[in-house]
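Residue numbers (mature numbering (1 follows the signal peptide of the UniProt record, and there is no 0)): -17 to -1, 1 to 475. Ideal Cβ positions, reconstructed from N, Cα and C, are used throughout, including at glycine. What follows is a short report on a single structure.
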């Protein structure tokens, strides 16, 4: 009888679209989604796929955040949607990768751009659902607020002053820092504030930093964003959002093994240099012992035998990389390398493999960074190049078709078929955003046109026969492409 009642309850829940929970996270379906959104003012929804590695990594942190919010009696709910089952919802909300998180605030949608730890999630949703700054009324609450946390506290005797308003306006623009405000003498004393102003409390470096600039919103925001980063940040899945999403786009990267002898000394020298360029360059360590960082090392053309080593990258449109000439680790050398970069005295470092002896002995020619430009210029006919990655699934599917294309045109005057491993070779002014990328070069010019048609032998032949016209625009039947670096987001 008890089993029958339980079964009946499940049937009723299904029929009426009632919401169930897993690990304190609401499970939403097409049947209950709209009701859940209308019943709750604030809901963070994760659209996920069961096979997605990043979703699996997020799951325990997401559940932890949901439990803490529930225990605190917060108005915010955390929910999830299995996009592989609830395909109508995935289509409705234009889900293009996993995990995608969207925050529903009174029915309006805000894209989640916070970190992936429970603390990051809680901080972000609280900021979006409550006042931008917590009022700190007594010493005990204030000390607890800044304990082991990244928190900016505004000390203002007049809460409606222009300085206080500028502080609150800046706080509204920043998601991953806690903000507090006070006018209480007891809090001033407890947190050792000497007068009105702003103090950033942080669980690293010197522990606290006092703002000494002008009270303009943009300047305040930039100072908080810069000062909230450690002198040297360790790259992890959790810190990736803050590192790559920050205001500083030029990064000094130390590739190292934390298990290696001498690591502490290397880090000490690196940190000394970081102090000289705070606010100008972001100093980051990338631990080669972490398997997930292998793709980043590949992007820079690095092997573990070369470690420790430094690279500098500018995260602009061209993603330019720079390699130092020194191999010994001294702070003075790192400082000079940074200065030369900021003074525009460095040339970008372009990757290139050694040219294979048989590179031109087969129908598909093998190009490297070193011979690419000269080959295009002297080929005497158009060149169709596939830029591929050895690990790319779409490239592996294309490989036999590309070989057949090479055979088809091996004795032709119309075109040369070629390929280049774009993870190990780079060409100036050619930016590869996804794999495979297919480009058509003619008249010896290094400005090629992109192929966007179907990746079939027939379609590729038609493209060549039309001299790079038919299929030059992205076709509807084009397969998905894979990004050149592994970010914490999986494409559909």
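Per DSSP, which residues does residue i bridge with? Please list them.
{"i": "residue 31", "result": "65"}
{"i": "residue 400", "result": "347 and 367"}
{"i": "residue 434", "result": "None, per the DSSP bridge assignment."}
{"i": "residue 118", "result": "164"}
{"i": "residue 270", "result": "239"}
{"i": "residue 97", "result": "Residue 97 is not bridged to any residue."}
{"i": "residue 294", "result": "236"}
{"i": "residue 16", "result": "Partner(s): none; residue 16 has no beta bridge."}
{"i": "residue 216", "result": "267"}
{"i": "residue 184", "result": "134 and 191"}
{"i": "residue 424", "result": "366"}
{"i": "residue 501", "result": "No statement about residue 501 is possible, as the shown extent of the chain runs from -17 to 475 and does not include it."}
{"i": "residue 410", "result": "413"}
{"i": "residue 305", "result": "295"}
{"i": "residue 128", "result": "Note: residue 128 sits in no beta bridge, so no partner."}
{"i": "residue 139", "result": "Looking at the DSSP assignment, residue 139 forms no beta bridge with any residue, so it has no partner."}
Pull up the CB-CB distance for residue i and residue j, whole angstroms please, since I reckon it's below 8 Å.
{"i": "residue 61", "j": "residue 2", "result": "About 12 Å; that fails the 8 Å criterion."}
{"i": "residue 351", "j": "residue 335", "result": "5 Å"}
{"i": "residue 86", "j": "residue 64", "result": "Incorrect: roughly 14 Å between the Cβ atoms, too far for contact."}
{"i": "residue 349", "j": "residue 398", "result": "With 8 Å as the limit, residue 349 and residue 398 do not qualify as a contact, their Cβ atoms being about 16 Å apart."}
{"i": "residue 253", "j": "residue 237", "result": "5 Å"}
{"i": "residue 211", "j": "residue 185", "result": "7 Å"}
{"i": "residue 401", "j": "residue 443", "result": "Actually they are not in contact, since the Cβ atoms of residue 401 and residue 443 sit about 13 Å apart, beyond 8 Å."}
{"i": "residue 134", "j": "residue 161", "result": "4 Å"}
{"i": "residue 101", "j": "residue 13", "result": "In fact, because the Cβ distance is near 28 Å, the residues do not count as touching under 8 Å."}
{"i": "residue 365", "j": "residue 425", "result": "4 Å"}
{"i": "residue 183", "j": "residue 207", "result": "6 Å"}
{"i": "residue 107", "j": "residue 158", "result": "5 Å"}
{"i": "residue 271", "j": "residue 287", "result": "5 Å"}
{"i": "residue 79", "j": "residue 41", "result": "The pair is not a contact, with the Cβ atoms about 17 Å apart (cut-off 8 Å)."}
{"i": "residue 502", "j": "residue 49", "result": "No answer is possible for residue 502: it lies beyond the span of the chain, which begins at -17 and ends at 475."}
Within 10 Å of its beta-carbon, does residue i have 16 or more other beta-carbons around it, so buried, or fewer, so exposed?
{"i": "residue 39", "result": "exposed"}
{"i": "residue 66", "result": "buried"}
{"i": "residue 409", "result": "buried"}
{"i": "residue 463", "result": "Only weak support is given to the placement of residue 463: the predicted model assigns it a pLDDT of 47, under 50, and the question is left unresolved by the model."}
{"i": "residue 433", "result": "exposed"}
{"i": "residue 77", "result": "exposed"}
{"i": "residue 91", "result": "exposed"}
{"i": "residue 369", "result": "buried"}
{"i": "residue 373", "result": "exposed"}
{"i": "residue -16", "result": "In this prediction, residue -16 has a pLDDT of 44, which is less than 50 and means its spatial position is unreliable; nothing more can be read from the coordinates."}
{"i": "residue 310", "result": "exposed"}
{"i": "residue 428", "result": "exposed"}
{"i": "residue 139", "result": "buried"}
{"i": "residue 327", "result": "exposed"}
{"i": "residue 187", "result": "exposed"}
{"i": "residue 339", "result": "exposed"}
{"i": "residue 393", "result": "exposed"}
{"i": "residue 385", "result": "buried"}
{"i": "residue 363", "result": "exposed"}
{"i": "residue 110", "result": "buried"}
{"i": "residue 11", "result": "buried"}
{"i": "residue 414", "result": "exposed"}
From what residue to what residue does the beta strand (DSSP E) around residue i run?
{"i": "residue 165", "result": "161 to 165"}
{"i": "residue 200", "result": "Careful: residue 200 lies outside any beta strand (DSSP E), inside the alpha helix (DSSP H) at 200 to 210."}
{"i": "residue 239", "result": "233 to 239"}
{"i": "residue 191", "result": "191 to 193"}
{"i": "residue 84", "result": "83 to 88"}
{"i": "residue 10", "result": "8 to 10"}
{"i": "residue 4", "result": "3 to 5"}
Would you mind reading off the limits of the alpha helix (DSSP H) that contains residue i?
{"i": "residue 315", "result": "314 to 325"}
{"i": "residue 526", "result": "Not covered by the structure: residue 526. The range shown for the chain is -17 to 475."}
{"i": "residue 478", "result": "Lying before the first or after the last residue shown, residue 478 is absent from the chain, which here runs from -17 to 475."}
{"i": "residue 439", "result": "First-last for residue 439: undefined, no H or E at that position."}
{"i": "residue 74", "result": "70 to 75"}
{"i": "residue 226", "result": "223 to 227"}
{"i": "residue 279", "result": "277 to 282"}
{"i": "residue 175", "result": "It is not in any alpha helix (DSSP H) - residue 175 carries neither H nor E in the DSSP assignment."}
{"i": "residue 247", "result": "246 to 259"}
{"i": "residue 356", "result": "355 to 361"}
{"i": "residue 385", "result": "376 to 391"}
Spell out a yes or no on whether the stretch 85 to 98 and the stretch 133 to 150 are touching, meaning 3 or more CB-CB pairs, one atom from each, closer than 8 Å. no
Decide yes or no for the touch test of the stretch 307 to 317 against the stretch 244 to 261: beta carbon pairs closer than 8 Å, at least 3 of them. yes
Can we say the stretch 119 to 133 touches the stretch 165 to 173, given the rule of at least three CB pairs closer than 8 Å? yes
Contact between the stretch 221 to 233 and the stretch 294 to 306 is defined here as three or more beta-carbon pairs at a separation below 8 Å; is this criterion met? yes
Does the contact criterion of 3 or more C-beta pairs under 8 Å hold for the stretch 278 to 289 versus the stretch 192 to 205? no
Is there contact here, the stretch 377 to 391 with the stretch 404 to 421, by at least three beta-carbon pairs under 8 Å? yes
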